[in-house]
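K.L.:
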Amino acid sequence: MSDTTPKPKRPRGRAHLLAGKCIACGARCESSCPVNCISMNDAGEPVIQEDKCIGCVKCVKVCPAQALEMSFSPAELAILAELDKSGSVTPEEPDEEAADLARLQARYRGVWVFIEQAEGEPAKVSWELLGKGRELAGKLGVELCALVIGHQVEPLCQEAFRYGATTAYLVDGPLYRNYRTQPYLEACHHLIMQYKPEVVLMGATSMGRDLAGAVATRVGTGLTADCTGLDIDDKRNLMQTRPAFGGNIMATIMCDKYRPQMATVRPHVMQMPKQQPGATGKIIRCDFTIPEESVLVKVLEILKDSDSGQHIDIGGAEFIVSGGRGLMGPENFDILKELADELGGVVGGSRSAVDAGWLGHDRQVGQTGKTVRPKIYIACGISGAIQHLVGMQDSDLVIAINRDKDAPIFEVAHYGIVGDLFQVVPALTRKIRALKQKKR
Ligand SMILES: Cc1cc2nc3c(=O)[nH]c(=O)nc-3n(C[C@H](O)[C@H](O)[C@H](O)COP(=O)(O)OP(=O)(O)OC[C@H]3O[C@@H](n4cnc5c(N)ncnc54)[C@H](O)[C@@H]3O)c2cc1C
Ligand code: SF4
Ligand code: SF4
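For what it's worth, the numbering used here labels the leading residue of the sequence shown as 2, then goes sequentially.
1) Which residue comes first and which comes last in the alpha helix (DSSP H) that contains A82?
2) Where do the ends of the alpha helix (DSSP H) carrying W113 lie?
3) Buried or exposed: S353, going by 16 or more other Cβ atoms within 10 Å of its Cβ?
4) Sort L212, A226, D227 by Cα distance to V220 and report the nearest one.
5) Would you grab the beta carbon distance between I410 and S384 for me? Rounded to a whole angstrom, and I think it's under 8 Å.
6) Can you have a look at P184 and say buried or exposed, based on whether 16 or more other CB atoms are within 10 angstroms of its CB?
7) Roughly how many whole angstroms lie between the Cα atoms of S307 and L224?
8) Applying the criterion that 16 or more other CB atoms from any shown protein chain within 10 Å of the CB defines a buried residue, is D395 buried or exposed?
9) Would you tell me roughly how many angstroms separate the C-alpha atoms of A428 and F334, rounded to the nearest one?
10) Any residue with its C-beta under 5 Å from a non-hydrogen atom of ligand 1 counts. Can you list them all in chain order?
11) How far does the beta strand (DSSP E) with Y378 in it reach, from first residue to last?
12) Are the CB atoms of V112 and V149 nearer to each other than 8 Å?
13) Please confirm if the region 270-288 is in contact with the region 155-175, defined as three or more CB-CB distances below 8 Å between the two stretches.
14) Using alpha carbons as the reference points, say which of G132, D421, M194, V373 lies closest to R267.
15) Give a yes or no on whether 8 Å exceeds the smallest Cβ distance from I387 to chain B.
16) Determine whether the beta carbon atoms of G204 and T290 lie at a separation below 8 Å.
17) Below 8 Å on the Cβ atoms is my contact criterion, and I expect E51 with L18 to pass it. Report the Cβ-Cβ distance as a whole number of Å.
18) Closer than 7 Å: is that where the CB of A205 sits relative to any heavy atom of ligand 2?
19) Given a cut-off of 8 Å, decide if D397 and I379 are closer than it, judged by their beta-carbon atoms.
20) Give me the residue from G121, V413, D257, W359 with the minimum Cα distance to C64.
21) Any heavy atom of ligand 2 inside 7 Å of the beta-carbon of K59?
22) For G230 and P244, I'd like the C-alpha separation in whole angstroms.
23) On the three-state DSSP scale, how would you describe A25?
24) Do the region 297-304 and the region 320-331 make contact, defined as three or more Cβ pairs closer than 8 Å?
25) Taking 7 Å as the cut-off, is the CB of S33 close to at least one heavy atom of ligand 2?
26) To the nearest angstrom, report how far apart T1 and G139 are at their CA atoms.
27) From D96 to D288, what does the alpha carbon distance come to, in whole angstroms?
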């Protein structure tokens with residue numbers, strides 16, 4: 002006679018946190034829980050209401066630090082031991098949500114970089130993004146593609162190939178002569194829905210910020226603005242790092258449930274790649290258009306930035322001498338100007354100096370100013386707050402002059418001079434002048 006006693010159900014257990022293992026990844030466990038039994042504490046670690054847990058194991062699976070595991074009561078452990086002894090195998094319940102996600106992710110492939118241009122003149126940040134895009138595409142094992150939109154802009158596709166793209170999607174027509182959100186949005190949306198890229202990168206410029214937000218909203222995905230770092234995790238997710246909470250922490254943000262993954266990056270944050278002369282690729286022309294009458298914005302006239310000569314692009318400077326609150330007043334910036342002139346560079350500053358009215362806002366380096374990557378950055382009387390550091394820490398060489406030996410700026414400086422800037426800066430200028438004269 003066969004045994005008709007029903008077999009006990011395999012217990013699922015309850016999730017719990019392993020002490021000291023959580024890396025506060027950004028609450029992935031919380032967002033994965035289908036019954037909302039996880040909340041986050043001030044340290045960014047999960048607090049699990051174990052009595053509500055249904056043992057679905059989702060949080061355990063998403064945790065990148067293996068900080069969560071399932072625990073079982075003594076009675077449940079006894080049932081598990083019994084089931085194991087009898088050799089009964091309870092088939093794992095299919096995780097439909099995970100399967101849907103895997104299917105969605107598999108449909109999206111390729112890294113795209115939007116090639117920003119104005120009157121056919123490309124924005125350098127697009128090439129910087131192709132450099133980073135090449136690295137990401139290599140890790141994902143996919144193509145790096147350029148998205149070129151404009152009027153008579155086909156030469157930009159060739160330029161994109163020289164910076165590493167192997168395919169260019171080209172939307173070319175009079176409708177796209179000047180940037181307007183609506184036609185560019187429609188064109189991007191059309192191409193993304195048709196070709197389904199996995200990652201879309203744009204410059205965090207006025208145009209990029211406007212377009213990226215509109216596109217992300219239309220395609221229904223996430224967007225991380227002003228990223229300072231991009232990488233790929235072992236599940237093909239784009240790890241998007243950017244300052245958060247007023248720049249006090251660096252957060253790595255993932256968009257693991259939606260595709261494409263979209264990010265903007267400010268100019269000069271990523272390194273400019275070397276051109277590969279003669280590199281070519283495939284151009285995919287798309288004749289997508291919308292009626293001009295349906296575009297609500299008309300460009301009547303383009304007013305260029307004033308040519309007063311006062312506007313300085315510190316973002317592109319090779320040598321920057323920056324001053325902070327330690328300068329004590331606007332008149333003292335003359336000593337920085339003298340040093341900058343000797344080096345063939347420009348004067349920049351911290352937000353404190355700008356807020357005090359000692360410098361124009363276009364000179365501000367940092368989170369709410371410019372991101373710079375000069376060959377040499379000399380920080381004078383700048384303490385090195387995180388909001389300043391995120392704007393200059395990727396400079397090739399950082400020299401800090403500060404009378405406080407514990408100033409945080411010394412943590413990112415290659416050379417640190419502890420002393421009074423009013424003595425050190427003129428001494429440096431004199432030394433450089435003397436060296437130059439000796440050379441003549
Ligand atoms: C949301 C947000 C965004 C921000 N964005 C930016 C940004 O984009 N850029 C930015 O810079 N800041 C930004 N800040 C401000 C930032 O937090 C700091 O307050 C600011 O960078 C400090 O400027 P500082 O280093 O010039 O001044 P302080 O922190 O006051 O430092 C002055 C330094 O000068 C030194 N010093 C004084 N006298 C001398 C001397 N004679 N010789 C040598 N050293 C001397 C002192 O030891 C001190 O270290 C932001 C803040 C917030 C909240
Ligand atoms: S196992 Fe499932 S139900 Fe339990 S905490 Fe984790 S995600 Fe929530
Ligand atoms: S998913 Fe893991 S690392 Fe991230 S917050 Fe939760 S426990 Fe911590």
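Note that CB positions come from ideal geometry on N, CA and C, so glycine has one too.
P.N.:
If we stick to the structure as given:
1) For A82, the enclosing alpha helix (DSSP H) has its first and last residue at 75-86.
2) For W113, no alpha helix (DSSP H) encloses it; the enclosing beta strand (DSSP E) starts and ends at 112-116.
3) By the neighbour-count rule (16 or more Cβ atoms within 10 Å), S353 is buried.
4) From the listed residues L212, A226, D227, the smallest Cα separation to V220 is found for L212.
5) Going by Cβ atoms, the distance from I410 to S384 rounds to 6 Å, so yes, they are a contact pair.
6) Counting Cβ neighbours within 10 Å, P184 comes out buried, since at least 16 surround it.
7) Because the pLDDT of S307 is 49, which lies under 50, any placement of that residue in the model is unreliable, and the number read from its coordinates should be weighed accordingly. One C-alpha to the other measures close to 33 Å.
8) Buried is the call here.
9) Rounded to whole angstroms, the gap between the alpha carbons of A428 and F334 is 15 Å.
10) Those residues, listed in chain order, are G247, G325, R326, G327, S351, R352, S353, G367, Q368, T369, G370, G382, I383, S384, A386, Q388, H389, N403, R404, D405, A408, D421, L422.
11) 377-381 is the extent of the beta strand (DSSP E) around Y378.
12) No, these two residues do not count as a Cβ contact at 8 Å.
13) Put simply, the region 270-288 touches the region 155-175. At least three CB pairs are less than 8 Å apart.
14) For the options G132, D421, M194, V373, the alpha carbon positioned closest to that of R267 is the one of V373.
15) Although the question refers to chain B, the structure presented lacks it and comprises just one protein chain.
16) Against a cut-off of 8 Å, the Cβ pair of T290 and G204 comes out as no contact.
17) Between L18 and E51 the Cβ distance is about 10 Å, and since that is not below 8 Å, they are no contact.
18) No, Cβ of A205 sits at least 7 Å from all heavy atoms of ligand 2.
19) It is not a contact, given that the beta carbons lie outside the stated cut-off.
20) The residue with the shortest Cα to Cα distance from C64 is D257.
21) Distances between the C-beta of K59 and the heavy atoms of ligand 2 include at least one below 7 Å.
22) When rounded, the distance between both Cα atoms is 10 Å.
23) The three-state secondary structure of A25, taken from DSSP, is coil.
24) Judged by Cβ distances under 8 Å, the region 297-304 makes no contact with the region 320-331, as fewer than three pairs qualify.
25) Yes, the beta carbon of S33 sits closer than 7 Å to at least one heavy atom of ligand 2.
26) What the structure shows of the chain is the stretch from 2 to 441, and residue 1 is not part of that stretch, so it cannot be assessed.
27) D96 and D288 have their C-alpha atoms some 41 Å from each other.
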